[in-house]
Amino acid sequence: AQSVAQPEDQVNVAEGNPLTVKCTYSVSGNPYLFWYVQYPNRGLQFLLKYITGDNLVKGSYGFEAEFNKSQTSFHLKKPSALVSDSALYFCAVTPRGAGSYQLTFGKGTKLSVIP
Amino acid sequence: DSGVTQTPKHLITATGQRVTLRCSPRSGDLSVYWYQQSLDQGLQFLIQYYNGEERAKGNILERFSAQQFPDLHSELNLSSLELGDSALYFCASSVGGGRGSTEAFFGQGTRLTVV
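From first to last, the protein sequence lines stand for chains W and V.
Counting from 10, one number per residue, gives the positions in the first sequence under my numbering.
Counting from -11, one number per residue, gives the positions in the second sequence under my numbering.
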């Protein structure tokens, strides 16, 4: 069975500074990896995904993530944080291949960007 | 707006009762997924339907059931409710139903409170 670990419950960063939200995964075979963001009282919004190819994936709102197969990681990054980036971030994985599709999510990391 | 519609937004009911949550997927999406989000368990995959048929089942209790209708909307039925069933229930949809490379789009959720 697949699993996702987000080792930090909360990340605090000053506005304008770079941010990183960490994610490691465990899955049989090659993974599909996703990042979602959840704002208060809202549903999850898709940010970006890694399917294959370039290990650096660019997504919405200036976010990017780097797939590292040897470290089984998929950390989310942004060069310059905005206060509006404050939200709950979820990493998710699903095994590649035909068949059922079920995202396994991490516990989430609360990002607070301090003005 | 993700295009996924869930009703109702809030639901308060007593223990032992039965409720039905409704989800309309994005236009053109054939897959519907149900997730439960609680503070202690995080986001848990419950069940997936693809074009009217059950495709995958996750941590769904026997007291819970779902179906997808010919117009592709889905309902999640929760019966014999317990206090521990209080959670945010999300519906998501995607175009595909198999390989998992397409991202899912989430509704805003139904917050269920069992008293």
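Glycine is no exception: its CB is placed at the ideal position from the N, C-alpha and C atoms.
From a predicted model like this one, the values you see are computed outputs, not experimental measurements.
Cβ neighbour criterion (16 or more within 10 Å) applied to residue i
i, result
"Ile35 of chain V", "buried"
"Tyr41 of chain W", "buried"
"Ser35 of chain W", "exposed"
"Phe57 of chain V", "exposed"
"Lys(-3) of chain V", "exposed"
"Asp59 of chain V", "exposed"
"Glu41 of chain V", "exposed"
"Ala107 of chain W", "Residue placement at Ala107 of chain W is flagged as unreliable, the pLDDT there being 47, under the threshold of 50; the coordinate-derived value follows with that caveat. Classification of Ala107 of chain W: exposed, given that the 10 Å Cβ count is below 16."
"Tyr48 of chain W", "exposed"
"Pro104 of chain W", "buried"
"Tyr70 of chain W", "exposed"
Within 9 Å, strictly: CB atoms of residue i and residue j
i, j, result
"Leu123 of chain V", "Thr3 of chain V", "Because chain V here runs from -11 to 103, residue 123 of chain V falls outside it and cannot be looked at."
"His84 of chain W", "Ala96 of chain W", "no"
"Ala80 of chain V", "Val20 of chain V", "yes"
"Gln19 of chain W", "Thr118 of chain W", "yes"
"Val13 of chain W", "Ala90 of chain W", "no"
"Ser67 of chain V", "Ser26 of chain V", "no"
"Gly(-9) of chain V", "Val83 of chain V", "no"
"Phe52 of chain V", "Asn65 of chain V", "yes"
For residue i, the three-state DSSP class (helix, strand or coil)
i, result
"Gly72 of chain V", "helix"
"Ser12 of chain V", "strand"
"Gly30 of chain V", "strand"
"Val102 of chain W", "strand"
"Tyr70 of chain W", "helix"
"Ser93 of chain W", "helix"
"Gln47 of chain W", "strand"
"Ile60 of chain W", "coil"
"Arg99 of chain V", "strand"
"Glu91 of chain V", "coil"
"Ala23 of chain W", "strand"
"Ser67 of chain V", "coil"
"His48 of chain V", "According to the sequence provided, residue 48 of chain V is Ile. The question's His does not apply to it. Coil at Ile48 of chain V, not helix or strand."
"Asn39 of chain W", "coil"
"Lys116 of chain W", "coil"
"Lys(-3) of chain V", "coil"
"Val(-8) of chain V", "coil"
"Leu18 of chain V", "coil"
"Val83 of chain V", "coil"
Candidates the options, of which the one nearest residue i by Cα
i, options, result
"Cys100 of chain W", "W:Phe55, W:Asn39, W:Gly25", "W:Phe55"
"Ile60 of chain W", "V:Phe94, V:Ser89, V:Glu50", "V:Ser89"
"Leu9 of chain V", "V:Lys45, V:Thr(-5), V:Glu41", "V:Thr(-5)"
"Val66 of chain W", "W:Arg51, W:Leu53, W:Gly52, W:Ser82", "W:Ser82"
"Lys87 of chain W", "W:Gly25, W:Pro49, W:Tyr45, W:Glu17", "W:Gly25"
"Asp28 of chain V", "W:Leu91, W:Gly115, W:Ile123", "W:Gly115"
"Leu76 of chain V", "V:Phe33, V:Gly16, V:Asp17", "V:Phe33"
"Asn47 of chain V", "V:Tyr23, V:Asn39, V:Tyr38", "V:Tyr23"
"Cys11 of chain V", "V:Phe94, V:Gln5, V:Ile0", "V:Phe94"
"Gly38 of chain W", "W:Ser69, W:Val102, W:Pro124", "W:Val102"
"Arg43 of chain V", "V:Leu49, V:Glu50, V:Gln55", "V:Gln55"
Identified DSSP bridge partners for residue i
i, result
"Pro33 of chain W", "Checking the sequence shown, residue 33 of chain W turns out to be Thr, not Pro. According to DSSP, Thr33 of chain W bridges with W:Ala14, W:Ser82."
"Arg43 of chain V", "Paired residues: none, contrary to the question."
"Ala54 of chain V", "V:Leu64"
"Gln111 of chain W", "Paired residue(s): none; Gln111 of chain W is not in a bridge."
"Val7 of chain V", "V:Leu66"
Any non-hydrogen atom of the ligand NAP closer than 8 Å to residue i Cβ
i, result
"Val102 of chain W", "This structure lacks the ligand NAP; in fact it carries no ligand of any kind."
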